[in-house]
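Reading through the structure tokens given below for one structure.
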Amino acid sequence: MLGAYLEEVIFPQVKELLVMLWRDESVFWTVLPLVVSAVMIQVYFGRNRDESPAWNDLFANAVILTFVTASLFHSLMEQYGNSLWVIGTVGFDKALFAAGFVILGVFLIATDLVHGLPLRLAKIICSPIFMSGLSIIIVVLVQSAVIIDSVTVSAAILVLFVLMGVEKLVRYVIRPSEQAKSVLLADKIRRKKHLHDIFLKKKKRGG
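End of the sequence shown = 1263 in the numbering used here, gap-free, step of one.
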């Protein structure tokens, strides 16, 4: 049952969203710089694997998400005009969808500014991989002619995971620098020593 639903309903919508990336010219030119920047960021962190995003990077990612989403209102105004503010129309639904992510972006900006979330959680929510993929998905859903409904959102979530997987693959295939290799090796040795010390302490207590 689930397999048939995915094959007949969700996967065709996934294909439609992916095709929208280059078939819709306005979407393509909006998404292109996001894709290029996402790839370049993964190239950087692939080469410098001893580094990870800090609070300032997470803050910047939240700012980018907010401004990318807010900029879509200009496109919506050109597409739908005054009907954008009529409840129940496609334009209104898209505006509401975009506004939700603007609010989310402002919230993340505020929390990253004051370090309001645990760093580990913030690194997940505001990571370059997640934010880049999410920004691309939002542009496709809002700027294209696709109707935003439960099927589209479900398909968009799958596409988001695909985009994140591609970004991770880019990072993986980039060879780390010699400095990064040495730092990672030293960190690996340090972790092994730490685990070994913990094991010895437990063994000593047990004995």
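Ideal placement from N, C-alpha and C gives every residue a C-beta, glycine not left out. Bear in mind the structure is a predicted one, so any value in this text is a computation, not a measurement.
Straight-line gap, residue i to residue j (C-alpha atoms, nearest Å)
i: Arg1176; j: Ser1183; result: 10 angstroms
i: Arg1227; j: Ala1166; result: 29 angstroms
i: Ala1094; j: Val1124; result: 14 angstroms
i: Trp1085; j: Leu1152; result: 23 angstroms
i: Leu1132; j: Ser1200; result: 10 angstroms
i: Lys1224; j: Glu1107; result: 15 angstroms
i: Arg1103; j: Leu1219; result: 20 angstroms
i: Leu1062; j: Phe1217; result: 15 angstroms
i: Trp1111; j: Ile1181; result: 12 angstroms
i: Val1215; j: Ile1203; result: 16 angstroms
i: Ser1139; j: Pro1068; result: 29 angstroms
i: Lys1179; j: Met1096; result: 18 angstroms
Under the three-state DSSP convention, the category residue i falls into
i: Gly1172; result: coil
i: Thr1208; result: helix
i: Ser1139; result: helix
i: Glu1223; result: helix
i: Arg1231; result: coil
i: Ile1181; result: helix
i: Ile1203; result: coil
i: Ser1108; result: coil
The alpha helix (DSSP H) enclosing residue i, as first and last residue numbers
i: Pro1184; result: Pro1184 to Gln1199
i: Pro1068; result: Phe1067 to Arg1079
i: Asn1112; result: Trp1111 to Tyr1136
i: Gly1144; result: Taken as a continuous stretch (DSSP letters only), Gly1144 belongs to no alpha helix (DSSP H), as it is neither H nor E.
i: Leu1058; result: Leu1058 to Tyr1061
Check whether residue i and residue j have beta carbons under 7 angstroms apart
i: Ala1155; j: Val1198; result: no
i: Ile1185; j: Val1099; result: no
i: Val1065; j: Val1196; result: no
i: Val1170; j: Ala1126; result: no
Is the stretch 1141-1158 close to the stretch 1067-1083, with three or more CB pairs under 8 angstroms?
no
Can we say the stretch 1065-1076 touches the stretch 1201-1214, given the rule of at least three CB pairs closer than 8 angstroms?
yes
Does the stretch 1183-1201 come into contact with the stretch 1086-1103, if we say contact requires no fewer than three beta-carbon pairs (one atom in each stretch) closer than 8 angstroms?
yes
Please confirm if the stretch 1197-1207 is in contact with the stretch 1113-1120, defined as three or more CB-CB distances below 8 angstroms between the two stretches.
no
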